[in-house]
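Here the structure is laid out as structure tokens; the discussion comes afterwards.
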Amino acid sequence: MLADRTAALAERHDRIWSEHDDDTAAARALVPELGAHVRDGHATVGIWTPGLVDRGVDPDAVYLEVLTPPADIDPGETDVREVAFARSLVETRRAGEVTYAAVEGMVPGTRERLGSLYQLVYDPEAVEHTATAGHAGPDAGGDADRPDLPGEVGADGLATVQDPLADSVPFGAFAPAELYDRARLNRERADRAYFAALGTDDERVATSDDDGLPRVDPATSMVEIHPGTATGRGSLAGLADFVAGVGEAERTGGSLTPFQETIAGYDAVQLMPVEPLTERTDDPGYWRGLARDGDAATASVARPDKVNWGYDVVVRAFSAPNPSILETGRPDELVDVIAAFHTLPDPVKVVFDVALGHADDGGLRVLPDRFFHGPGMYGQHLDYLDPWVRAHVLDLQRRKMDWGADGIRVDGAQDFRNWDPETEEMVHDDALLAEMDAVTQEVAGAEYRPWLIYEDGRPWPRHDWELASTYRTLIQQHPHAFQWSPITFAHNKPAMLTFWASKWWRVREVADMGRNWITGVANHDTVRRGTQVDVPESWEGDPINRYLGDSAPEIIDRAYDNPATNALLHCLLPGVPMDFLNANARGPWGFVRDTDAEWNVKVVADEHNLLDWQVTADQYAEDGHFCRLKQLGFETREELDGFVKALATTVEPTDYDREAMAAMLSVLDLAADPDPEFLDRFADAWMRDVADFANLGHWRDAQDPERTGFARRVREFRQAHPWLRESMRLPDPPAEETVAEAHVAAGGAAASERAEGESQEGDAPDRFGYRHPADGSVVYYGLRKSPAGDVRVLFAGNMEGASTTVTPAELFDDASPDPAAFAPALVAPGVAKRREDSPTVDAPIELANGEAVVFVAESAER
Numbered sequence: 001m002l003a004d005r006t007a008a009l010a011e012r013h014d015r016i017w018s019e020h021d022d023d024t025a026a027a028r029a030l031v032p033e034l035g036a037h038v039r040d041g042h043a044t045v046g047i048w049t050p051g052l053v054d055r056g057v058d059p060d061a062v063y064l065e066v067l068t069p070p071a072d073i074d075p076g077e078t079d080v081r082e083v084a085f086a087r088s089l090v091e092t093r094r095a096g097e098v099t100y101a102a103v104e105g106m107v108p109g110t111r112e113r114l115g116s117l118y119q120l121v122y123d124p125e126a127v128e129h130t131a132t133a134g135h136a137g138p139d140a141g142g143d144a145d146r147p148d149l150p151g152e153v154g155a156d157g158l159a160t161v162q163d164p165l166a167d168s169v170p171f172g173a174f175a176p177a178e179l180y181d182r183a184r185l186n187r188e189r190a191d192r193a194y195f196a197a198l199g200t201d202d203e204r205v206a207t208s209d210d211d212g213l214p215r216v217d218p219a220t221s222m223v224e225i226h227p228g229t230a231t232g233r234g235s236l237a238g239l240a241d242f243v244a245g246v247g248e249a250e251r252t253g254g255s256l257t258p259f260q261e262t263i264a265g266y267d268a269v270q271l272m273p274v275e276p277l278t279e280r281t282d283d284p285g286y287w288r289g290l291a292r293d294g295d296a297a298t299a300s301v302a303r304p305d306k307v308n309w310g311y312d313v314v315v316r317a318f319s320a321p322n323p324s325i326l327e328t329g330r331p332d333e334l335v336d337v338i339a340a341f342h343t344l345p346d347p348v349k350v351v352f353d354v355a356l357g358h359a360d361d362g363g364l365r366v367l368p369d370r371f372f373h374g375p376g377m378y379g380q381h382l383d384y385l386d387p388w389v390r391a392h393v394l395d396l397q398r399r400k401m402d403w404g405a406d407g408i409r410v411d412g413a414q415d416f417r418n419w420d421p422e423t424e425e426m427v428h429d430d431a432l433l434a435e436m437d438a439v440t441q442e443v444a445g446a447e448y449r450p451w452l453i454y455e456d457g458r459p460w461p462r463h464d465w466e467l468a469s470t471y472r473t474l475i476q477q478h479p480h481a482f483q484w485s486p487i488t489f490a491h492n493k494p495a496m497l498t499f500w501a502s503k504w505w506r507v508r509e510v511a512d513m514g515r516n517w518i519t520g521v522a523n524h525d526t527v528r529r530g531t532q533v534d535v536p537e538s539w540e541g542d543p544i545n546r547y548l549g550d551s552a553p554e555i556i557d558r559a560y561d562n563p564a565t566n567a568l569l570h571c572l573l574p575g576v577p578m579d580f581l582n583a584n585a586r587g588p589w590g591f592v593r594d595t596d597a598e599w600n601v602k603v604v605a606d607e608h609n610l611l612d613w614q615v616t617a618d619q620y621a622e623d624g625h626f627c628r629l630k631q632l633g634f635e636t637r638e639e640l641d642g643f644v645k646a647l648a649t650t651v652e653p654t655d656y657d658r659e660a661m662a663a664m665l666s667v668l669d670l671a672a673d674p675d676p677e678f679l680d681r682f683a684d685a686w687m688r689d690v691a692d693f694a695n696l697g698h699w700r701d702a703q704d705p706e707r708t709g710f711a712r713r714v715r716e717f718r719q720a721h722p723w724l725r726e727s728m729r730l731p732d733p734p735a736e737e738t739v740a741e742a743h744v745a746a747g748g749a750a751a752s753e754r755a756e757g758e759s760q761e762g763d764a765p766d767r768f769g770y771r772h773p774a775d776g777s778v779v780y781y782g783l784r785k786s787p788a789g790d791v792r793v794l795f796a797g798n799m800e801g802a803s804t805t806v807t808p809a810e811l812f813d814d815a816s817p818d819p820a821a822f823a824p825a826l827v828a829p830g831v832a833k834r835r836e837d838s839p840t841v842d843a844p845i846e847l848a849n850g851e852a853v854v855f856v857a858e859s860a861e862r
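Using our numbering, you'd call the opening residue of the sequence shown number 1 and step up by one each time.
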């Protein structure tokens, strides 16, 4: 320990605490200096340790344990191996509820090597017997007579406490943190010039001044990416190389491959969560068997290889990248993928999906008790009213975004809630959401504000939330912010027949007031929900749109990726359209989550329709697919389908009793005779096999260049006409309009959201409607005029139903598009194939399900 520097840390803490009358403000001032930092010739460590104070642990009994690995260890290796560490115990000093140490000799982690690991350690005998009960007890390995020990107790009887603010956890969220040199990353990152130019005339992406700092402007369009399935390597390094390949082709004037086209034409990407994940409670983990021997120690370690959507976070080390998607085990991969997007010929913004509205139950093992309010729908509610918890949450956001993100999506904003004892209900913490908005980023010496997106469906989960939600609460509080739109949430299923007819009122809302909405119907949630629907065997089931294809896999692929939907979202409607990479590539997608020992079987049962929608018999039979399930005895798709559907029928009558479920299944003639242990193995095999099957590396050579080329041109149309993001300037609805449409389009809600200065008649040049009567097809049509008056866009699309013929100009009752002025800009491939000439707005055009045409009129009018 560097005694003087450690004393200075404690003195600084005491001074700042005394200078603030408000505990929350004091904690906000202190927390940014906690965690581990590489200083000039030494390192500092500060860890919030309220449990040590509450349980009466003697401050002099707490040490910082430093474990330095050999220089040649490969942190990317996923096989378990034993590693010898050099071990040091460093004295600490406590100030308030924080334990500090300044240390000489710790090795910072770099791209080339694994750095020193660290954790706090103490002897449980230092705990006063009068302590109150906490969460860490015998199940965590502690003494049964001491059920209240903070941290986790190892086999040798020593207790460990982890750093909530770790920058790197190479062996997972339940292992010691790594000292990592974040300053080096900023010095060496390939996109330093990108950040240095923000807010200047040389900036590569537009920003707007916000209280003296540049705020990154909204994107024009965006694609959501799951890094674990985006490339064959399933890693951030693999994604960075893929993006670099796209950039190289664009710079050299080469043609993009059809698979590369699936990611082209956007100016933003949204990465699904890249945080460390929880782990199964019945697995030994990736850091195990730490054996201490004086100044040496050994442990069995491996890089985690979990498969997961990314939302099962424990919150501890949220600031670090998920090691499961770091093929090198080095956090540099996250910077590399961001830099790859930023340095494209046309730079692409990177949005992080930040899920701090809950913690998986695994967080109870590695965070102080005070982090948690109690059980919730997704694990544990966090106690946002605790000043230290609130400060940690905000700083975890800041630290994660400081890897270089341009935007933040706040996942489940409606879940940030606190208990109100007066009303005896949970209430939304909009003040915290505002504080999240106020967080600024500093990357490579540049300070800026990110583009802000909230996912907020309040009053969800109230029973009428789908009808009652406005999806605008936080936009109204933060006019620069965006929210997910009503057609983007999970419950939207465009594979169902009449989806576009029954959702018209919500689509009309998007047209009328959608400038600050993220739109689109394809994302990780909607595709998953679509595959949970029963494929009806008769007319009595919920009807699916069989005009989309001849089989369920064709239907689901085309429901989320077809010319009409793409053109509607990118060429007509306002907001920021967001697509999903797996849908763009027409690759499989399902819910993957191998981190839950308790509910894994039920999760698989809920996915029992996945095979119907996503897997053909021939695909299942291929040698590279579903290898684990085949080893369990499911040699054919039909055998697996019969078993998983039978499994689904046992969940409710047994109240998810796995022994009873296995007993029910054992009397059936199935491919396997299960016991509860078999069900667990089956669920694990399912999750990993589905994740492998969904990896787009399998589907990169299966792309149709005609389809991917048209979709790319649609997106490029949006980029060329960024004014389309503004809400449509529509006239008031006629008096005879339906009640639902009147609620949407008339009166205060929509009218009040129109841009300033827009009147309802003279300045309402846009039109949007659907053909009445439907007559077997839902035909949407629209007309938009640029604010400058020099460009008009006309759209007509058969959103669902039988093939139909339309004359676009005749669809508009009160606006007569000049046929001579409009020329075709985008013609769906199917339409083009059937015609020998180019379509015109005043002549009939046959549109099959999912086909559309877009016309443009350009003039010098101003």
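Virtual Cβ for every residue (Gly too), placed ideally from N, Cα, C.
Cα-Cα separation between R658 and Y118, rounded to whole angstroms: Taking the sequence shown and counting its residues from 1, one reaches residue 658 at position 658. Taking the sequence shown and counting its residues from 1, one reaches residue 118 at position 118. Each residue's Cα considered, the two are about 40 Å apart.
To which residues of the same chain is G232 closer than 8 Å at the C-beta, ignoring the five residues directly before and after it? Along the sequence shown, read from residue 1 onward, the residue named residue 232 stands at position 232. Cβ within range, chain order: G238, N695, L696, G697, H698 and R700.
Leaving aside the five residues before and after L629 along the sequence, list all residues of the same chain whose C-beta is less than 7 Å from its C-beta, in chain order. For the purposes of this step, residue 629 is taken as the residue at position 629 of the sequence shown. These residues qualify, in order along the chain: L640, A685, W686 and D689.
Residue closest to R398, alpha-carbon to alpha-carbon, out of Y781, D655, A166 and H721: The residue given as residue 398 occupies position 398 in the sequence shown. If we check each option's Cα against that of R398, A166 comes out closest.
Endpoints, beta strand (DSSP E) assigned at Q380: Counting from 1 along the sequence shown, the entry for residue 380 is found at position 380. Segment G379 to L382, the beta strand (DSSP E) holding Q380.
Element boundaries [alpha helix (DSSP H), containing D293]: The sequence position of residue 293 within the sequence shown is 293, counting from 1. No alpha helix (DSSP H) holds D293; the beta strand (DSSP E) holding it covers W287 to D293.
Unbroken stretches of the beta strand (DSSP E), 3 residues or longer, contained in the stretch 141-190: The qualifying runs are 159-161.
Return the CA-CA distance between V866 and V90, expressed in angstroms with no decimal places. Residue 866 is absent from the model: the chain starts at 1 and stops at 862.
Would you tell me roughly how many angstroms separate the C-alpha atoms of D211 and R204, rounded to the nearest one? Here residue 211 is taken as the residue at index 211 of the sequence shown, counted from 1. Here residue 204 is taken as the residue at index 204 of the sequence shown, counted from 1. Their Cα atoms are separated by approximately 21 Å.
For T78 versus N584, is the C-beta spacing smaller than 8 Å? Numbered from 1 along the sequence shown, position 78 holds the residue referred to as residue 78. Numbered from 1 along the sequence shown, position 584 holds the residue referred to as residue 584. The answer is no: Cβ separation not under 8 Å.
By the DSSP assignment, the beta strand (DSSP E) with M687 in it spans what residues? Working through the sequence shown from its first residue, we reach residue 687 at position 687. Here M687 belongs to no beta strand (DSSP E); instead the alpha helix (DSSP H) covers P676 to A694.
With a cut-off of 8 Å on the beta carbons, I'd call F195 and L271 a contact; round off their distance for me. Position 195 of the sequence shown, counting from 1, holds the residue named residue 195. Position 271 of the sequence shown, counting from 1, holds the residue named residue 271. Actually they do not touch by this definition, with Cβ atoms about 18 Å apart.
Could you check the C-alpha separation between D928 and H226 for me, to the nearest Å? Only positions 1 to 862 of the chain appear in this structure, which leaves residue 928 out of reach.
Using alpha carbons as the reference points, say which of A413, P787 and P70 lies closest to R879. For residue 879 there is no data in the structure shown, the boundaries of the chain being 1 and 862.
Test item: CB-CB of S221 and H570 under 8 Å: The sequence position of residue 221 within the sequence shown is 221, counting from 1. The sequence position of residue 570 within the sequence shown is 570, counting from 1. Contact flag set, yes.
Distance CB(A10)-CB(W17) smaller than 8 Å: On the sequence shown, residue 10 is found 10 positions in, with the first residue counted as 1. On the sequence shown, residue 17 is found 17 positions in, with the first residue counted as 1. Taking 8 Å as the Cβ cut-off, A10 and W17 do not qualify as a contacting pair.
Where in the stretch 546-608 do unbroken runs of the beta strand (DSSP E), each at least 3 residues long, occur, reported from the N-terminal end onward? 576-580
Buried or exposed: which applies to S469, given that a residue is buried once 16 or more other Cβ atoms fall within 10 Å of its Cβ? Translated into positions along the sequence shown, residue 469 becomes position 469. Within a 10 Å sphere around the beta-carbon of S469 sit 16 or more other beta-carbons, which makes this residue buried.
7 Å Cβ shell around L668 - same chain, five flanking residues per side excluded: If you number the sequence shown from 1, residue 668 lands on position 668. Excluding residues within five positions, the ones whose Cβ falls inside 7 Å are A646.
Burial state of G747 (16 or more Cβ within 10 Å): Taking the first residue of the sequence shown as position 1, residue 747 is located at position 747. Note that G747 has pLDDT 35, beneath the 50 cutoff, so the model's placement of it is unreliable and no number is given.
Distance between Q614 and A843 (C-alpha atoms, nearest Å): What you label residue 843 is simply residue 843 of the sequence shown in a count that begins at 1. What you label residue 614 is simply residue 614 of the sequence shown in a count that begins at 1. A straight line joining the alpha-carbon of A843 with that of Q614 spans about 39 Å.
According to DSSP, I47 sits in a beta bridge with which residue or residues? Numbered from 1 along the sequence shown, position 47 holds the residue referred to as residue 47. Answer is T99, bridged to I47.
So, do the stretch 240-253 and the stretch 275-284 have three or more beta carbon pairs nearer to each other than 8 Å? no
Taking T488 and N523 to be in contact with their CB atoms under 8 Å, please state how far apart those CB atoms are, rounded to whole angstroms. For the purposes of this step, residue 488 is taken as residue 488 along the sequence shown, with counting starting at 1. For the purposes of this step, residue 523 is taken as residue 523 along the sequence shown, with counting starting at 1. Yes, they are in contact, since the Cβ atoms of T488 and N523 sit about 7 Å apart, within 8 Å.
Using a Cβ-Cβ cutoff of less than 6 Å, which residues in the same chain neighbour A29 once the five nearest sequence positions on both sides are dropped? On the sequence shown, residue 29 is found 29 positions in, with the first residue counted as 1. Only I16 meet the Cβ criterion.
From D60, Y780, L213 and A788, pick the residue whose C-alpha is nearest to that of F863; which is it? The chain is shown only over 1 to 862; residue 863 falls outside these bounds and no answer can be derived.
Look at M1 and V66 and say whether their C-beta atoms are less than 8 Å apart. The sequence position of residue 1 within the sequence shown is 1, counting from 1. The sequence position of residue 66 within the sequence shown is 66, counting from 1. No, Cβ-Cβ distance for M1 and V66 is not below 8 Å.
Coarse secondary structure for P722, derived from DSSP in three states: Your numbering for residue 722 matches position 722 in the sequence shown. Helix.
In the DSSP assignment, the beta strand (DSSP E) including E442 goes from what residue to what residue? In the sequence shown, the residue the question calls residue 442 occupies position 442. Where E442 is concerned, the enclosing beta strand (DSSP E) stretches over Q441 to V443.
Bridge partners for W419 per DSSP, in chain order? One-based indexing of the sequence shown puts residue 419 at position 419. Beta-bridge pairing by DSSP links W419 to M426.
On the CB-based measure, 16 or more other CB atoms within 10 Å of its CB, does A745 come out buried or exposed? Translated into the one-based positions of the sequence shown, residue 745 becomes position 745. Residue confidence for A745 is low, a pLDDT of 42 falling below 50, so the modelled location carries little weight; the figure read from the coordinates is stated next. A745 comes out buried.
Any idea what DSSP makes of P375, helix, strand or coil? Counting from 1 along the sequence shown, the entry for residue 375 is found at position 375. If DSSP states are grouped into helix, strand and coil, P375 belongs with the strands.
Residue from D512, Y63, D202 and M578 with nearest C-alpha to R93: Along the sequence shown, read from residue 1 onward, the residue named residue 93 stands at position 93. When each option's Cα is compared against that of R93, the closest is Y63.
Just to confirm, are P69 and G172 a CB contact at a threshold of 8 Å? For the purposes of this step, residue 69 is identified with residue 69 of the sequence shown, where counting begins at 1. For the purposes of this step, residue 172 is identified with residue 172 of the sequence shown, where counting begins at 1. Their beta carbons are not under 8 Å apart, which means P69 does not touch G172 by this criterion.
In or out: Q760 buried (at least 16 other Cβ within 10 Å) or exposed? Within the sequence shown, the letter at position 760 stands for residue 760. Model confidence at Q760 stands at a pLDDT of 40, short of 50, so the residue's coordinates are unreliable and nothing is read from them.
Quick check on the DSSP output: the alpha helix (DSSP H) that includes G642 runs from which residue to which? The residue you call residue 642 lines up with position 642 of the sequence shown. That run of the alpha helix (DSSP H) goes R637 to T650.
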